[in-house]
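Residue numbers (the working numbering): 81 to 381.
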């Protein structure tokens, strides 16, 4: 089944060229099936790129997905204003609705204290609302740190240098549906200046670490009921995303090391080597399947 998106969304052309099954809103209305309603709070500055990355992953399942893009009302970047006004909604417009799932992306604000972020109050209001209006919440990178802090008091810690590259990971609990089909060793990209510590998470009886990495640390954490999923890395990244970040920092004169285990021969002038794509699709399809199996047909019953 396809992901249902507006014809004019920039991601639609890219996904169609990749043979990702997408559907117009008009056609979807004539199908006798309830799609999964997935809200996506996109906090990344690269709006269109992030939309495409996430739609590519949630669109690669047998389920029909109805995504609703959200942006914060307390901070709206002016260079994307037309795009946001056309394709996004603010929290106030959907607060009375329920959704099967909520995805919250990372954001380039991790070196700030949580409470210093301009839209912090609005974000925590959304997290509180999600407890009653969302069946399962999937939080990525900085958003994962936000969720662990807001719900459980788990602090973040500044790293001595940026965790930057593609790192091997292991599965710690194979009985969990989110890691069904994962290999013994799998890879995922990371790009962050802060971290959460395993010992802080292990002190929370409601949390379980599903996957970690000897080099990158904690990767996937879930609540005991699996309705909160915290992913510290970026499995959704495209092949060239880390390269774009690397060359951006080089051009700005920001001290940055070559991302680890990424470029062929660790040469930034060579092509990146993609080693995480299969597990990215598995992670998202496993999560969507879990949500589909557990949510009621009528979200308001």
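Even for Gly, the Cβ is constructed at its ideal location relative to N, Cα and C.
Just so you know, these numbers come straight off a predicted model, no measurement behind them.
DSSP, reduced to helix, strand and coil, places residue 278 within a helical segment of the structure shown. Distances from the alpha-carbon of residue 176 to those of 214, 344, 192 put 214 closest.
In this model, residue 367 and residue 341 are separated by some 27 Å (Cα to Cα). Rounded to the nearest whole angstrom, the C-alpha separation of residue 339 and residue 137 is 23 Å.
The beta carbon of residue 238 sits closer than 6 Å to the beta carbons of 274 from its chain, once the five residues preceding and following it are set aside; these are given in chain order.
DSSP places residue 365 in the uninterrupted alpha helix (DSSP H) bounded by 357-374. If you compare the alpha carbons of 219, 211, 268, 304 with that of residue 255, the shortest gap goes to 304. When Cβ pairs closer than 8 Å are counted between the two stretches, the stretch 260-273 is seen to touch the stretch 342-358, the count reaching three or more. DSSP, reduced to helix, strand and coil, places residue 208 within a helical segment of the structure shown.
At a Cβ-Cβ threshold of 7 Å, residue 204 and residue 210 do not count as neighbours.
Residue 91 is not bridged by DSSP to any residue. DSSP places residue 119 in the uninterrupted beta strand (DSSP E) bounded by 116-121.
Residue 276 and residue 373 have their C-alpha atoms spaced approximately 31 Å apart.
The stretch 187-195 and the stretch 219-226 touch, with three or more beta-carbon pairs separated by less than 8 Å.
Across the set 234, 309, 291, the C-alpha of 291 shows the shortest separation from the C-alpha of residue 247. For residue 250, the enclosing beta strand (DSSP E) begins and ends at 237-251.
Short of 6 Å from the beta carbon of residue 182, and not among the five residues preceding or following it, lie these beta carbons of its own chain, in chain order: 119, 210, 214, 217. Counting C-beta pairs with one atom in each stretch, the stretch 226-237 and the stretch 320-337 have fewer than three that are closer than 8 Å, which means they do not touch. Excluding its 5 nearest sequence neighbours in each direction, residue 201 has C-beta neighbours in its own chain below 8 Å: 154, listed in chain order. The DSSP-derived three-state label of residue 224 is helix. Under a 10 Å Cβ-count criterion, residue 124 is classified as buried, with 16 or more other Cβ atoms of the shown protein chains found around its own Cβ.
By the neighbour-count criterion, in which 16 or more other beta carbons inside 10 Å mark a residue as buried, residue 334 falls on the exposed side. It is roughly 35 Å from the alpha-carbon of residue 343 to the alpha-carbon of residue 196. In the displayed model, residue 214 falls within a strand according to three-state DSSP.
Shortest Cα-Cα distance from residue 300 to any of 319, 317, 278, 285 involves 278. The beta-carbon distance between residue 135 and residue 91, rounded to whole angstroms, is 5 Å. This is short enough to meet the 8 Å contact definition. With respect to residue 178, residue 377 sits apart: the two C-beta atoms are not nearer than 7 Å. In the DSSP assignment, residue 300 falls within the unbroken beta strand (DSSP E) covering 297-303. Taking the C-beta atoms as reference points, residue 272 is found nearer than 7 Å to residue 243. A Cβ-Cβ contact shorter than 7 Å links residue 94 with residue 132. A straight-line Cα-Cα distance of about 38 Å links residue 370 and residue 328.
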